[in-house]
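Peer 1: What follows is a structure written as structure tokens; I'll ask about it next.
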Amino acid sequence: MTRHTHIVKVHHLSLAFPTRHDPDPKPVLKDLDFGIRDGEILGLIGNSGSGKTMTAMAIAGLLPEGAVITGGSIKFAGEDLTAMKPRRRRQMLGSNIGVIFQEPSTALDPLMKIGTNLDEILLTHGMKDKKERRERVLNMLGTCGFTEPEEIYSRYPHQLSGGQRQRVLIAGAALLEPRLLICDEPTSSLDTVTTIQILSLLKDICHKMHMTVLFISHDLSAVRNFCDRVMVMREGEIVDRDLAEDMLLHPRSGYTAELLTNARLDTRMLGLERATVDYSASPVLVAKDITARYDNSSADVLKGTCFEIYPREILGLIGSSGCGKTTLVKSLLGLMPHGGTIDCDNRQTGAVFQDPVSCLNPAHSVEWHLLEPLRAAGVKLNKQERINRATQALQDVGLSADYLSRRPRQLSGGQRQRIAIAMSLMLEPSLIVADEPFSSLDSSSAAEILKLLTDINRERGTSFLLITHNIHIVRQICPRVIVMDGGTVCEEGLTSEVLAAPKSDAARRLLEAEATLHGENFSE
Amino acid sequence: MSLNAKQNLKYAGLKLIELIATLFVVSFLTFAAFSIIPGDTAQIILGPNATPAQLDRLRAELGIDQPLPVRYITWVAGAFTGNLGNSTSFKVPVIDLIAQRLPVTLGMSILALVMVIVVSYPLSVFSARRPGHLGDTVCSILGHVLFAVPPFVLSLLLIVLCSGVLHIFTMGKYAPPEKGFGNYIASLALPAFAIALPKIAMTFKFMRSAIIEQNASEYVKTERSHGLSEARILLRHVLPNSNVSSITIITLVLSDILGGSLIVEQVFNLPGLGRLLLTAIDRRDFPLLSGMIFYLALITVILYFASDILSSLSDPRIRIK
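From first to last, the protein sequence lines are chains A and B. The opening position of the first sequence corresponds to residue 1 in this note's numbering, with each subsequent residue numbered one higher. The opening position of the second sequence corresponds to residue 1001 in this note's numbering, with each subsequent residue numbered one higher.
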């Protein structure tokens, strides 16, 4: 057995959130014991709430207020981080340990130009010469794939795309060439094409600067392609650790096997079954030449989009960020003015969105939310009828009546998405528009929601327009797919045909990215 | 660079057009209000025993024998050039009366604003540092109490305390700025404080939650991960971001202060615009009244213009239109 030098050694680490009322609470991290080898890329996976982020933040020294390390130690290159003075600890951040977070859209100060923001890092770490700092920042921006660093230097964050912002954040984290780079879900809010670019950039600069990486993700395939070694966490404990290829082919713990099944979204293993579609029936929705633009821009976002959705069909809609998917959803739901015609069955169209956190009003209970569509439609019910309807709606999405009085903050992400789906079902629509309903959920919750959607489709015959960047899901449950690019539908057809032999450039690009990211393992 | 500057200019230009349009609406409404009010101005001035010849002569003198559109144009032209005619009760140009009283009200308002900023900003930073702790709780409760008490009650309490018990303030003694700046400020300090107190509470409450919100944002986490000190994060990131929204609040506070000063002047017996306005109402001095309303509106509109420009300068996202 070869001996490795560890850059980080976590030794019997425990962490909890003790309060005055509960001085000895259930630990969030339980007796963690692992090392990060010098120069490796270590993946850390697990569902939300498994303690991945807490582990990373404990190493970085960026724990949220109230978190207390109740036992054990973390050694970084021999120095004990848990015993270190705060001032020294802060100096290590940026210079020895760099961190990249999940949400690039909000991770940059909106009032500060990119250059000023990056310049500040160098200034903080004692680089006095102004010209030298500028040189260094421009160099780093170049390394991170910007062809015109000068241009980016004087831009504000809102003038950049999500992928560009993430590259700026990588530039910031790597600016002082830290030995350890912690990436906390760096790609989960990006589309597949951008994800590939970001991952290859990360791999590239880690290699160049000889950085060690701790890579946290709930995207198993990204981990598989990117990491040398993977650890699996569950409820604050490490349940599996191994080499990446190895683990995904031969999972050791049952839990890892379950995660893999969920991530693979295998229809047979999950017991998914969709309704059969009769394409000779008249469509539930016909969209013709839809055009739309935003007030402050001169260019159309949608340039004559045409498509139709048949009864009982789950129509997949794919396309990279900025192709007009979200604008199309807004137009279909009547949330923004548009040109062209949308012929729709007169029953209302339901909607489920990406982020179940901000979709629910934190001030109201689940019952209030469920009844909201009825109130909006002017349906008059007495108290008992209201409770019956709400209870029935909860049961339809697999939740018990206990949840009626809960507030959104007392629910998990998956449960909130169930409530959102229940709301969209209240008026028994013939069509539900689902805009990236899985992307903010971990793979287990995503699998459950996917199953729920197919159940609704099969049992009620509800049609779906499913917008997703997960081509794997489209392959599994959508009989037909449309591909959008630049505001129009550039390709349309049976999913099996489109995915096997894409005709448009846009579809080809998406599939290539998908193949790079998810590899052959996930196709059938 | 040039793109940002261009956007700035374009935004300022648009706002300026808005400002001018608003002023015309305000001038029209002011003029219309005084034209619809029933009663003959000449009759009010000369009393019930005036002869028709006397009334006609005065009407010609005041220009109220002219048709309405002509009178409006004359009035607007006058308003924009500083010629608002003569006060009917003081028999001197309206503009002179306003100019004479302005230092009292303006000085008091600016002093109050300085107090608001100097007190509420550090307090909110202190409170937001550790929300829910003892210091924060005390500040918040005190803030609620001060917010609830109207300025004139505070004024009376302060007068009793400072002039009756402590003897550090003399009631009703206003020292004009030309007789020494220190005395001028000293004579206005207490009334300014009375106006400022509830506004301090309001600004504190607002700034505190703005800072707490910014502290919890993602970019603060990023800056921490870059190794920046908490003080630097506060000064360079959290405060500028909180300021974006606080500019609006400060503008509201300032226009409130101007309005509040009208009452406080009365309580403190100061010869400011507020008392002039009350006198004008009392004596039905329409030229004076309409002139004052127009200029008060002018100040408010300019204030909001300045606030819009400041907001756009501090937040690059506002410029995109």
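Glycine residues also receive a C-beta, built at the ideal position from the N, C-alpha and C atoms.
#1: Would you say glycine 1063 of chain B lies against chain A (beta-carbon separation less than 8 Å)?
#2: For chain B, is any of its Cβ atoms less than 8 Å away from the one on histidine 158 of chain A?
#3: So which residues on chain A does asparagine 1241 of chain B lean against when the C-beta distance must stay under 8 Å?
#4: For glycine 136 of chain A, decide whether its Cβ has a neighbour in chain B, counting only Cβ atoms nearer than 8 Å.
#5: Using only the alpha-carbon positions, how far apart do proline 1176 of chain B and glycine 1272 of chain B sit?
#6: Using 8 Å as the limit for Cβ to Cβ distance, is methionine 1001 of chain B near chain A?
#7: Going by DSSP, what residue range makes up the alpha helix (DSSP H) through cysteine 206 of chain A?
#8: Since I believe serine 48 of chain A is in contact with glycine 525 of chain A (beta carbons under 8 Å), could you give me their beta-carbon distance rounded to a whole number of angstroms?
#9: Does any residue of chain A have a CB that is nearer than 8 Å to the CB of aspartate 1308 of chain B?
#10: When DSSP labels each residue in this structure, what does proline 1093 of chain B get in the three-state scheme?
#11: From what residue to what residue does the beta strand (DSSP E) around glutamate 491 of chain A run?
#12: Relative to the C-alpha of arginine 1071 of chain B, which residue among B:Ile1249, B:Ala1032, B:Leu1296 is closest?
#13: Grouping DSSP H, G and I as helix and E and B as strand, with all else coil, what is asparagine 1083 of chain B?
#14: DSSP three-state call for asparagine 521 of chain A: helix, strand or coil?
#15: DSSP beta-bridge partners for glutamate 448 of chain A?
#16: If we define contact as Cβ-Cβ less than 8 Å, is histidine 338 of chain A a contact residue for chain B?
#17: Compute the distance between the beta-carbons of glutamate 273 of chain A and threonine 106 of chain A, then report whether it is under 8 Å.
#18: Aspartate 402 of chain A by DSSP, collapsed to three states: which one?
#19: Give me the residue from A:Leu465, A:Ala401, A:Ala67 with the minimum Cα distance to lysine 325 of chain A.
#20: Rounded to the nearest angstrom, how far is the Cβ of alanine 351 of chain A from that of leucine 333 of chain A, given a contact under 8 Å?
#21: If we cut at 8 Å on Cβ distances, does alanine 60 of chain A have a partner in chain B?
#22: According to the Cβ coordinates, are alanine 1196 of chain B and alanine 1112 of chain B closer than 8 Å?
#23: Nearest chain A C-beta to arginine 1232 of chain B closer than 8 Å, yes or no?
#24: Starting from threonine 19 of chain A and walking both ways along the beta strand (DSSP E), at which residues does that stretch end?
#25: Closer than 9 Å, Cβ to any Cβ of chain B: which residues of the stretch 167–193 of chain A, in chain order?
#26: Please work out which residues of its chain come closer than 7 Å, Cβ to Cβ, to threonine 495 of chain A, disregarding the five sequence neighbours upstream and downstream, and give them in chain order.
#27: Is there a Cβ from chain B that is less than 8 Å from the Cβ of glycine 126 of chain A?
#28: At what residue ranges does the stretch 1199–1230 of chain B contain a whole run of the alpha helix (DSSP H), taking only runs of 4 or more?
#29: With DSSP run on the structure shown, which of helix, strand or coil describes alanine 1280 of chain B?
#30: For the putative contact between valine 286 of chain A and aspartate 343 of chain A, defined by C-beta atoms under 8 Å, what is the C-beta separation to the nearest angstrom?
#31: Quick one: what does DSSP say threonine 1030 of chain B is sitting in, helix, strand or coil?
#32: In chain A, what lies closer than 9 Å to aspartate 1315 of chain B by C-beta?
#33: Could one say the Cβ of threonine 1137 of chain B lies closer than 8 Å to chain A's Cβ atoms, at least one of them?
#34: Who are the neighbours of serine 1217 of chain B on chain A, taking C-beta pairs under 8 Å?
#35: Check each candidate in B:Leu1046, B:Ile1098, B:Ile1064, B:Lys1010 and name the one with the smallest Cα separation from phenylalanine 1294 of chain B.
#36: Quick one: what's histidine 6 of chain A bridged to in DSSP?
Peer 2: According to the structure data:
#1: Not an interface residue.
#2: Closer than 8 Å to some Cβ of chain B, the Cβ of histidine 158 of chain A qualifies, so yes.
#3: Those are Asp109, Pro110, Leu111, listed as they occur along chain A.
#4: Residue identity differs from the one stated: residue 136 of chain A is arginine in this sequence, not glycine. No - not a single Cβ of chain B is within 8 Å of the one on arginine 136 of chain A.
#5: The straight-line gap from Cα to Cα measures roughly 11 Å.
#6: Confidence is the limiting factor: at methionine 1001 of chain B the pLDDT is only 45, short of 50, which leaves the residue's position unreliable, though a coordinate-based value still follows. Yes - at least one Cβ of chain A is within 8 Å of the one on methionine 1001 of chain B.
#7: Taken as a continuous stretch (DSSP letters only), the alpha helix (DSSP H) holding cysteine 206 of chain A covers 192–209.
#8: No statement about residue 525 of chain A is possible, as the shown extent of chain A runs from 1 to 524 and does not include it.
#9: Aspartate 1308 of chain B has a beta carbon lying at 8 Å or more from every beta carbon in chain A.
#10: Strand at proline 1093 of chain B.
#11: 488–494 is the span of the beta strand (DSSP E), which, as asked, contains glutamate 491 of chain A.
#12: Comparing Cα-Cα distances from arginine 1071 of chain B to each of B:Ile1249, B:Ala1032, B:Leu1296, the minimum goes to B:Ala1032.
#13: Here asparagine 1083 of chain B sits in coil by DSSP.
#14: Low confidence applies here, because asparagine 521 of chain A scores a pLDDT of 42, under 50, leaving its location unreliable and the question unanswered by this model.
#15: Note: glutamate 448 of chain A sits in no beta bridge, so no partner.
#16: It does not; no Cβ of chain B falls within 8 Å.
#17: Not a contact, by the Cβ cut-off of 8 Å.
#18: Three-state DSSP puts aspartate 402 of chain A in a helix.
#19: The closest CA to that of lysine 325 of chain A, considering only A:Leu465, A:Ala401, A:Ala67, is found on A:Leu465.
#20: Yes, they are in contact, since the Cβ atoms of alanine 351 of chain A and leucine 333 of chain A sit about 5 Å apart, within 8 Å.
#21: Chain B contact via Cβ: present.
#22: Yes.
#23: With 8 Å as the cut-off, arginine 1232 of chain B counts as an interface residue toward chain A.
#24: Counting along the chain, threonine 19 of chain A sits inside no beta strand (DSSP E), nor does DSSP assign it H or E at all.
#25: The residues in question are Leu169, Gly172, Ala173, Leu175, Leu176, Ile182.
#26: Hits under 7 Å: Gly316, Val474, Arg475, Cys478, Pro479, Arg480, Val481.
#27: Not an interface residue.
#28: Annotation: the stretch 1199–1230 of chain B contains the following complete segments of the alpha helix (DSSP H) (minimum length 4 residues), in chain order: 1218–1225.
#29: Helix.
#30: Contact holds; Cβ gap of about 4 Å.
#31: Three-state result, threonine 1030 of chain B: helix.
#32: Residues of chain A whose Cβ lies closer than 9 Å to the Cβ of aspartate 1315 of chain B are, in chain order, Pro110, Leu111.
#33: With respect to chain A, the C-beta atom of threonine 1137 of chain B has no partner C-beta closer than 8 Å.
#34: For serine 1217 of chain B, the residues of chain A that pass the 8 Å Cβ criterion are Thr106, in the order they occur in the chain.
#35: Just measuring C-alpha positions, the residue of B:Leu1046, B:Ile1098, B:Ile1064, B:Lys1010 sitting nearest phenylalanine 1294 of chain B is B:Ile1098.
#36: Beta-bridge partners assigned by DSSP to histidine 6 of chain A: A:Arg37.
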